[in-house]
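**Student:** So that we are looking at the same thing, I have put the structure below in structure tokens.
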Amino acid sequence: PPPAPAPAPTEAAAPAPEPAPILRSDLEAPVPGAGPRPIAYWKLDEPAGATAADEMGAHPGQVIGNPEDANASFQSVAEFDGIDDYIRISAAPGLMVRDGALTVWISAYATGSATIAAKGSPGDAGYFALQIHDAKLQVLMRGPDADHVIDAGAFGANEWNQTTVPWGLGGMKAYLNGQPAGSGDPPG
């Protein structure tokens, strides 16, 4: 029998395209192939003082009330008396994201009413607050015509709880200790 013909030369396979870069914020360069990353991360484990460090480096917080309290025995920058203490983070384009998530660990001494995190002024449309109200965690969004509240579940005093509030095109959800706790469609 005649010899088999030699196989036809083949072209080398084209390399796989690189994944599209993902932006960490509007102010930072793309990170090729990277997944979502925090824009800011406040561990709040530093000693009491005037600044809450951002582990990502771009958004330190100013501690209000805590270090100046005459009767304070605060040991940490994130220990508050529940009356007039808070951490202010300056508005920055990198923090203004259309979709994302806010994750907070909290242990409250009492479960009456308190604001954990907020954006904007309470009387303005567009105000957002993660708050405790009557031993329940709530997400409040103030729209131009009405408020929208997501009930995010009940929790007790003096116990650690973790809450995550993701938002985006699919609306807003609330999770308490890893369990779905509520959802809604933000007003605007």
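Reading the sequence shown from the start, the letters are residues -12 to 175 in this note's numbering. Quick reminder that beta carbons are idealized off the backbone N, C-alpha and C, glycines included.
(1) With distances taken Cα to Cα, identify the nearest neighbour of alanine 139 among Trp147, Arg75, Ala161 and Leu127.
(2) Mind checking which residues open and close the beta strand (DSSP E) that includes tyrosine 73?
(3) Run through DSSP, which three-state label would proline 153 get?
(4) Can you find the residues in the same chain that come closer than 6 Å, C-beta to C-beta, to isoleucine 74, ignoring five residues on each side of it along the sequence?
(5) Going by C-alpha distance, which of Arg24, Phe67, Ile26 and Met43 is nearest proline 34?
(6) In whole angstroms, what separates the C-alpha of isoleucine 119 from that of glycine 44?
(7) In whole angstroms, what is the alpha-carbon distance linking aspartate 13 and histidine 46?
(8) Which class does glycine 48 belong to by DSSP, given the choice of helix, strand or coil?
(9) Would you please state the rounded distance, in angstroms, between the beta carbons of alanine 141 and alanine 116? I believe it to be under 8 Å.
(10) Where does glycine 81 fall in DSSP's three states?
(11) Measuring only the C-alpha atoms, how far is aspartate 132 from aspartate 32?
(12) Which residue from Trp92, Asp172 and Ala78 puts its Cα closest to that of isoleucine 137?
(13) May I ask you to list the residues that DSSP assigns as paired with isoleucine 119?
(14) Could you give the C-beta distance for alanine 88 and valine 152, rounded to a whole number, given that I count them as a contact under 8 Å?
(15) According to DSSP, which residues form a beta bridge with lysine 106?
(16) When you compare only the Cα positions, how much space is there between glycine 143 and threonine 90?
(17) Checking 9 Å against the spacing of the C-beta atoms, do isoleucine 76 and alanine 27 come in under that value?
(18) With distances taken Cα to Cα, identify the nearest neighbour of alanine 105 among Ala65, Gly99 and Arg129.
**Tutor:** With the given structure in hand:
(1) Residue Ala161 is the option with its Cα nearest to alanine 139.
(2) That run of the beta strand (DSSP E) goes 73 to 76.
(3) strand
(4) Ala39, Gly48 and Val50
(5) Phe67
(6) 29 Å
(7) Since pLDDT at aspartate 13 reaches only 41, below the 50 mark, its modelled position is unreliable, and the value read off the structure follows with that caveat. When rounded, the distance between both Cα atoms is 14 Å.
(8) strand
(9) Between alanine 116 and alanine 141 the Cβ distance is about 18 Å, and since that is not below 8 Å, they are no contact.
(10) helix
(11) 40 Å
(12) Asp172
(13) Looking at the DSSP assignment, isoleucine 119 forms a beta bridge with Ala101 and Leu124.
(14) 7 Å
(15) Phe115
(16) In a straight line, the C-alpha of glycine 143 is about 19 Å away from that of threonine 90.
(17) yes
(18) Arg129
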